[in-house]
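Protein chains in written order, with our numbering: chain A, 1 to 136; chain B, 137 to 272; chain C, 273 to 408; chain D, 409 to 544. For every residue, glycine included, the Cβ atom is placed at its ideal position computed from N, Cα and C. Because the structure is a prediction, the values reported are computed rather than measured. Quick notes on the structure that follows.
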């Protein structure tokens, strides 16, 4: 990912620390890839009720984290309410998806990796929200 | 849009009124299309600072409303925190984008139509959040 | 959907007939919603190998048709190779997804509706490609 | 990105070399981030006709590469026509966007980085299409 370089080359200075912002953007894209891949992998097993919840959480989290990565890539001018709430939605999605995947982490390696990625994205979202809070 | 028919054909009963849910899903997709189209139309004019803010708001709102429409299309089992927060993000996005577009509604017809669509989506999100509130 | 109004309010004239373009954009968004909903509905049943293929086709088609609707909403200046190929990808996705859903149309009403929507989008893509062909 | 690990943990063996597939998925996500960031950076300058084309190419390429990354993340069972055409659309998008960004690479560092990312994604798409060609 060239996120950090892109933020540096942008004419506007981001309102929050650019390393912290780049980390969150990258975490969002990684999380979206892992969740998409994990849902597909889950689908290859026999789909029990428990795994059904996992697949659904993965799909929602993939969509939400992907869009959050895009929105944050445009966080150049102001920290608006819209961006803040979208990061909160991403935080909630990562938390729920991680909790689902952790239930299957022992039996499915893809759930273990996906949960780890969701937890990383959750932390990165918290860091961005904290930084935004000190600015606004 | 065949949203209402699809919800009816789904084996699970949505937790909130299906007409209200279908209305919100359709409003999200319409809003995403209008915002994408409006940003592109704005770009065809001479881009002043004011229009710059409008283009950015349109792009964020297009991405956020589109993903909210997808997430709501999977609102079949439970009303989770993740879905609720995503609808709140959509509500914030529609509100901000409408406010930007309304500034140019007199000079640009595409901004007037886009603002109307954002306001419609804002109302539909409020209705879904109210309904979810009575369930959870 | 306010697609037709938005195209009319755009400062640039689309290179192909605007009714035909609006029809295709709307068909893309409808298809994306149906496929997302159908995948979720399929997941509620006992997932056999046959339904697994259907879920996967629905997810790919949902993503591809959604992005095609957005790209076509920006078809204002020129009909580029990029847009043409994206519509071809959408055509292929709709065709494959319709074929999968048609296998289950008798047992699942959501597959029947989704197949109908995919076929409609397939036809709209063909009409756009034909019109683009006469321009380029 | 944990793409390689996720492909390894997936129960199904990808039909093409998994390193090559992971490289292309990662290139798609990187390209989507760069294009989104570059469009936003371009918008911060005075928007001339030339930059207008660049912004539009960036937005199309961002959307198309992002969805291609998701679709390829599900390339587990078969190399379908739908996936092949989507990679071709991504190849066309990367090629056009790189050509636009290269025009401004001397004056804007963000265009130089974005062009480099698009060219990388273009090569990764060619490699996947070559590999798919030997399988189908």
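Taking its Cβ as the centre, do 16 or more other Cβ atoms sit within 10 Å of residue 515 of chain D, making it buried, or is it exposed? On the fourth chain, position 107 is the one that residue 515 of chain D refers to. So residue 515 of chain D counts as exposed.
For chain A, check one thing: does any of its Cβ atoms lie closer than 8 Å to the Cβ of residue 183 of chain B? Position 47 of the second chain, counting from 1, holds the residue named residue 183 of chain B. Chain A contact via Cβ: absent.
By alpha-carbon positions, which one of A:121, A:30 and A:125 ends up nearest to residue 412 of chain D? Numbered from its first residue, the fourth chain carries residue 412 of chain D at position 4. For the set A:121, A:30 and A:125, the Cα lying nearest the Cα of residue 412 of chain D is the one of A:30.
Would residue 417 of chain D pass as an interface residue toward chain C - the criterion being a Cβ-Cβ separation below 8 Å? In the fourth chain, counting from the first residue as 1, residue 417 of chain D sits at position 9. So no, residue 417 of chain D is outside the interface.
Output the boundary residues of the alpha helix (DSSP H) element that contains residue 203 of chain B. Counted from its first residue, the second chain places residue 203 of chain B at position 67. Looking at the DSSP string, the run of the alpha helix (DSSP H) that includes residue 203 of chain B is 185-209.
Between the CA atoms of residue 306 of chain C and residue 389 of chain C - distance to the nearest angstrom: Sequence index remark: in the third chain, residue 389 of chain C carries index 117 (1-based). Sequence index remark: in the third chain, residue 306 of chain C carries index 34 (1-based). Rounded to the nearest angstrom, the two C-alpha atoms are 7 Å apart.
Given 8 Å as the limit, is there contact between the region 323-338 of chain C and the region 365-377 of chain C, that is, 3 or more CB pairs closer than that? The region 323-338 of chain C, when compared against the region 365-377 of chain C, does touch it at the 8 Å Cβ threshold.
Using three-state DSSP, classify residue 431 of chain D as helix, strand or coil. Your numbering for residue 431 of chain D matches position 23 in the fourth chain. Three-state result, residue 431 of chain D: helix.
Proximity to residue 245 of chain B [Cα-Cα], best of C:401, C:340 and C:282: For the purposes of this step, residue 245 of chain B is identified with residue 109 of the second chain, where counting begins at 1. Taking only the C-alpha atoms, the option nearest residue 245 of chain B is C:282.
Helix, strand or coil for residue 355 of chain C, going by three-state DSSP, please let me know. What you label residue 355 of chain C is simply residue 83 of the third chain in a count that begins at 1. Residue state, collapsed to three classes: helix.
Going by beta carbon distance, what residues of the same chain come within less than 7 Å of residue 347 of chain C, once the five residues before and after it are set aside? For the purposes of this step, residue 347 of chain C is taken as residue 75 along the third chain, with counting starting at 1. Excluding sequence neighbours, residue 347 of chain C sits near 286, 293 and 355.
For residue 45 of chain A and residue 435 of chain D, I'd like the C-alpha separation in whole angstroms. By 1-based counting over the first chain, the position of residue 45 of chain A is 45. By 1-based counting over the fourth chain, the position of residue 435 of chain D is 27. Computed Cα separation, rounded: 29 Å.
When the Cα atoms are used, what is the spatial distance from residue 153 of chain A to residue 319 of chain C? With chain A covering 1 to 136 only, the question about residue 153 of chain A has no answer from this structure.
With a threshold of 8 Å between beta-carbons, can residue 52 of chain A be considered close to chain C, or not? Position 52 of the first chain, counted from the start, is the residue given in the question as residue 52 of chain A. Yes - at least one Cβ of chain C is within 8 Å of the one on residue 52 of chain A.
Please confirm whether residue 16 of chain A and residue 131 of chain A have their CB atoms less than 8 Å apart. As a working note, residue 16 of chain A is residue 16 in the first chain. As a working note, residue 131 of chain A is residue 131 in the first chain. Yes; because the gap between Cβ atoms is below 8 Å, this pair is in contact.
Measuring only the C-alpha atoms, how far is residue 89 of chain A from residue 406 of chain C? What you label residue 89 of chain A is simply residue 89 of the first chain in a count that begins at 1. What you label residue 406 of chain C is simply residue 134 of the third chain in a count that begins at 1. Looking at the two C-alpha atoms, the distance is approximately 45 Å.
Hey, would you say residue 447 of chain D sits closer than 8 Å to residue 463 of chain D, going by beta carbons? Position 39 of the fourth chain, counted from the first residue, corresponds to residue 447 of chain D. Position 55 of the fourth chain, counted from the first residue, corresponds to residue 463 of chain D. Cβ atoms of residue 447 of chain D and residue 463 of chain D: closer than 8 Å.
Would you please state the rounded distance, in angstroms, between the beta carbons of residue 444 of chain D and residue 70 of chain A? I believe it to be under 8 Å. Start at 1 with the first residue of the fourth chain, and residue 444 of chain D comes out as number 36. Start at 1 with the first residue of the first chain, and residue 70 of chain A comes out as number 70. With 8 Å as the limit, residue 444 of chain D and residue 70 of chain A qualify as a contact, their Cβ atoms being about 5 Å apart.
Give the straight-line distance between the Cα atoms of residue 104 of chain A and residue 115 of chain A, rounded to the nearest whole angstrom. Walking along the first chain from the start, residue 104 of chain A turns up at place 104. Walking along the first chain from the start, residue 115 of chain A turns up at place 115. Those two C-alpha atoms are separated by around 9 Å.
Give me the chain C residues within the contact set of residue 141 of chain B, using Cβ-Cβ distance strictly less than 8 Å, ordered along the chain. Here the question's residue 141 of chain B lines up with position 5 in the second chain. What residue 141 of chain B touches in chain C: 385.
If contact means a Cβ-Cβ distance below 7 Å, which residues of the region 360-373 of chain C contact chain D? Answer set for the region 360-373 of chain C: 360, 361, 364, 365 and 368.
Can you pull out the residues from the region 195-207 of chain B whose beta carbon lies closer than 8 Å to at least one beta carbon of chain C? 198, 202, 205 and 206
Using 8 Å as the limit for Cβ to Cβ distance, is residue 396 of chain C near chain B? Within the third chain, the letter at position 124 stands for residue 396 of chain C. Closer than 8 Å: no.
Take the Cβ of residue 291 of chain C as the centre, count every other Cβ of all protein chains shown within 10 Å, and call the residue buried at 16 or more, exposed below. Position 19 of the third chain, counted from the start, is the residue given in the question as residue 291 of chain C. Flag for residue 291 of chain C reads exposed.
Assuming contact is defined by CB atoms lying nearer than 8 Å, are residue 187 of chain B and residue 460 of chain D in contact in what I supplied? As a first step, residue 187 of chain B must be located in the second chain, where it is residue number 51. As a first step, residue 460 of chain D must be located in the fourth chain, where it is residue number 52. Taking C-beta atoms as the reference points, residue 187 of chain B and residue 460 of chain D fail to come closer than 8 Å.
What span of residues does the alpha helix (DSSP H) with residue 143 of chain B cover, start to end? Mapped onto the second chain, residue 143 of chain B falls at position 7. Residues 139-145.
Under a CB-based cut-off of 8 Å, is residue 245 of chain B close to chain C? Walking along the second chain from the start, residue 245 of chain B turns up at place 109. Closer than 8 Å: yes.
Selected residue, minimal CA-CA separation from residue 258 of chain B, among B:177, B:159, B:148 and B:137: The residue you call residue 258 of chain B lines up with position 122 of the second chain. Ranking B:177, B:159, B:148 and B:137 by Cα distance to residue 258 of chain B puts B:159 first.
Excluding the 5 residues flanking residue 261 of chain B on each side, which residues of the same chain have their C-beta closer than 6 Å to its C-beta? Taking the second chain and counting its residues from 1, the one referred to as residue 261 of chain B is at position 125. Same-chain partners within the cutoff: 223, 226 and 227.
Out of curiosity, what's the CA-to-CA distance linking residue 392 of chain C and residue 138 of chain B? For the purposes of this step, residue 392 of chain C is taken as residue 120 along the third chain, with counting starting at 1. For the purposes of this step, residue 138 of chain B is taken as residue 2 along the second chain, with counting starting at 1. Answer to the nearest angstrom: the Cα atoms are 12 Å apart.
Any C-beta of chain A under 8 Å from that of residue 173 of chain B: In the second chain, counting from the first residue as 1, residue 173 of chain B sits at position 37. Cβ-Cβ to chain A under 8 Å: no for residue 173 of chain B.
Any idea what DSSP makes of residue 126 of chain A, helix, strand or coil? Translated into the one-based positions of the first chain, residue 126 of chain A becomes position 126. DSSP places residue 126 of chain A in helix when its eight states are reduced to three.
With a cut-off of 8 Å, does the C-beta of residue 402 of chain C fall near any C-beta of chain D? Along the third chain, read from residue 1 onward, the residue named residue 402 of chain C stands at position 130. For residue 402 of chain C, the answer is no, since every Cβ of chain D falls outside 8 Å of its Cβ.
Among the residues of its own chain, which have a CB less than 6 Å from the CB of residue 399 of chain C, if the five just before and after it don't count? Counting from 1 along the third chain, the entry for residue 399 of chain C is found at position 127. Taken in chain order, the residues that qualify are 292.
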